[in-house]
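A short write-up of the structure that comes next.
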Amino acid sequence: MLAEIIPILLLFVVFGFAVLRPRGLPEAVAAIPAAVIVVATGAVSWDHALSEIHRLAPVVAFLAAILVLAQLCDDEGLFTAVGAFTARAARGSPTRLLTMVFVVAAVITAILSLDATVVLLTPVVFATAASLGLRAKPHVYACTHLANSGSLLLPVSNLTNLLAFAASGLSFGAFSLLMALPWVVAVGVEYLIFRFFFDRDLGLGATVSEQPDKPALPVVAVVVVALTLAGFGLTSVVGVNPAWAAAAGAAVLAVRALSRRTVTVKGLVTAGSVPFLAFVLALGVVVRAVEDNGLGSAVGRLVPTGSSLPALLAVAALAAVLANVVNNLPAVLVLLPAAAAAGPGVVLAVLVGVNVGPNLTYVGSLATLLWRRILARNHAEPQLGEFLRLGALTVPPVLVCSVVALWLSLRLFGG
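Start counting the sequence shown at 14; every next residue gets the next number (this note's numbering).
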């Protein structure tokens, strides 16, 4: 009985710590001891713990590379240029700015992952709105929502995508093709609801009339990102981990930055967020203990087989609920074994649930927790009631419409 209870209690302790972040300590401070405890108490065998770490290692390696790549792109001025371009395109209109933020956030999330959108784009959006004299709220809320629901497109867009991609058996191109329509639909439906929900904020015009300066495009960063994206597809074709493509892109910019002395080796290590990577590995061990002690089989019995529309809707709803109870990363780890046995369509439905569902609550995804900390540093802590109302208004229709789009993609392209 203790073996069944201890992992669940520790899982909630770990995420409670991640939400509160006492004294700003990293999440790994709670996750690593929790992983040690579940192994020491026999809640998970040493072999299973090592197996989980081995399974997550390629995903964590990719995450490290993409975090470094995104930070180096920011150092090159890519996000500053994006902010300036967005401000010029908005021409003082809050509605046009929201449109541009949606487009930019969806693209950056898809290519550089949701962490880049939350960590690097959110401060730029703050500054852009301030430079135009506009209320920042609709635009910074768009960053967190698009970091989650806008991460459906590519296997590299989200940590959950990488896990689902590995379990689906699909190629990089097939995965992206099947998820293209759900991605467009999710972003489009989210945008329409934002226009309605923030109607009052968007009705206020700019208080600054000066047109921002034309941005200088960091050509090297743009070329490296484009080549890295091409590398993702190439590595998939030849059966190589996409982490190598991300690492190559990061290495090119790192060598350039080190030679120009705009970054140090310590700065590169910091950009890789080693404590967070350790947190992901330790969390995987804790989740494996929970899974081995009953949750995996219990959840597996709830996952329907087949790729009919009702089955896909049920799977996505289950994934969304579980994501908001235990966070989307544990949710996808628990659901994937049963989903993979049911076929790639079910795996992708799980992905829709764990990517769209977290917009409902603060604890749904780690990206949302990080977004809250960024807003707090800007003295713009979001109101819980408003966050929950927006989530309740967006998540159900975005979830349903995205699943319907996935069902159509599966009918059109197979999978």
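Think of the CB as a built atom: it goes at the ideal place given N, C-alpha and C, for glycine as much as any other residue.
Put residue i into one of helix, strand or coil per three-state DSSP.
i, result
"Lys150", "helix"
"Val253", "coil"
"Lys227", "coil"
"Glu203", "helix"
"Gly331", "A quick correction: the sequence has Leu, not Gly, at residue 331. Correct three-state label for Leu331: helix."
"Leu217", "coil"
"Pro395", "coil"
"Phe211", "coil"
"Ala31", "helix"
"Ala263", "helix"
"Arg12", "The structure shown does not extend to residue 12, since the chain is modelled only from 14 to 428, so the question has no answer here."
"Thr248", "helix"
"Thr54", "coil"
"Gly427", "coil"
Quick one: is residue i buried, meaning 16 or more other Cβ sit within 10 Å of its Cβ, or exposed?
i, result
"Ala155", "buried"
"Trp59", "exposed"
"Gly297", "buried"
"Phe209", "exposed"
"Pro35", "exposed"
"Gly319", "exposed"
"Gly427", "exposed"
"Ser286", "buried"
"Leu128", "For the record, residue 128 in the displayed sequence is Asp; it is not Leu. So Asp128 counts as buried."
"Asp305", "buried"
"Arg424", "exposed"
"Ile18", "exposed"
"Arg301", "buried"
"Thr277", "exposed"
"His392", "exposed"
"Pro323", "exposed"
Could you give the residue range of the alpha helix (DSSP H) that holds residue i?
i, result
"Tyr375", "Neither: Tyr375 is in no alpha helix (DSSP H) and is coded neither H nor E."
"Glu65", "59-88"
"Phe283", "Note that residue 283 is Thr in the sequence shown, not Phe. Thr283 -> alpha helix (DSSP H) spans 278-284."
"Ala291", "287-303"
"Pro168", "Segment: none, Pro168 is in no alpha helix (DSSP H) and carries neither H nor E."
"Thr112", "107-125"
"Asn341", "341-355"
"Ser320", "Element bounds for Ser320: n/a, residue is neither H nor E."
"Ser144", "135-145"
"Val132", "Where Val132 is concerned, there is no enclosing alpha helix (DSSP H), given that its DSSP letter is neither H nor E."
"Ser184", "That residue, Ser184, is in no alpha helix (DSSP H); it is neither H nor E in DSSP."
"Leu38", "Premise fails: Leu38 is in no alpha helix (DSSP H) and is neither H nor E."
"Gly96", "91-103"
"Arg390", "379-390"
Within the present structure, is the beta-carbon of residue i separated from the nearest heavy atom of the ligand GDP by less than 7 Å?
i, result
"Phe115", "As presented, the structure is devoid of all ligands, the ligand GDP included, so that no description of it is given."
**Asked** Using 8 Å as the threshold, is the stretch 285-301 in touch with the stretch 102-114, meaning 3 or more CB pairs across them?
**Response** Counting Cβ pairs under 8 Å, fewer than three are found: no touch.
**Request:** Inspect the CB distances between the stretch 351-365 and the stretch 176-184 and report whether three or more fall short of 8 Å.
**Result:** At 8 Å Cβ cutoff, the stretches touch.
**Prompt:** Counting pairs of Cβ atoms below 8 Å between the stretch 371-386 and the stretch 395-406, do you hit three or more?
**Reply:** Contact between the stretch 371-386 and the stretch 395-406 is present, because at least three Cβ pairs lie under 8 Å.
**Prompt:** Touching or not, the stretch 162-171 and the stretch 187-202, by the rule of three or more beta carbon pairs under 8 Å?
**Reply:** yes
**Prompt:** Does the stretch 382-390 come close enough to the stretch 179-199 to have 3 or more Cβ pairs within less than 8 Å?
**Reply:** Cβ pair count under 8 Å is below three, so no.
**Asked** Touching or not, the stretch 231-246 and the stretch 255-266, by the rule of three or more beta carbon pairs under 8 Å?
**Response** yes
**Request:** Flag this pair as touching only if the stretch 302-316 and the stretch 72-92 have three or more C-beta atom pairs under 8 Å; answer yes or no.
**Result:** no
**Prompt:** Counting Cβ pairs closer than 8 Å, one from the stretch 138-147 and one from the stretch 94-104, do we hit at least three?
**Reply:** yes
**Message:** Three or more C-beta pairs under 8 Å: does that hold for the stretch 84-98 against the stretch 266-283?
**Reply:** yes
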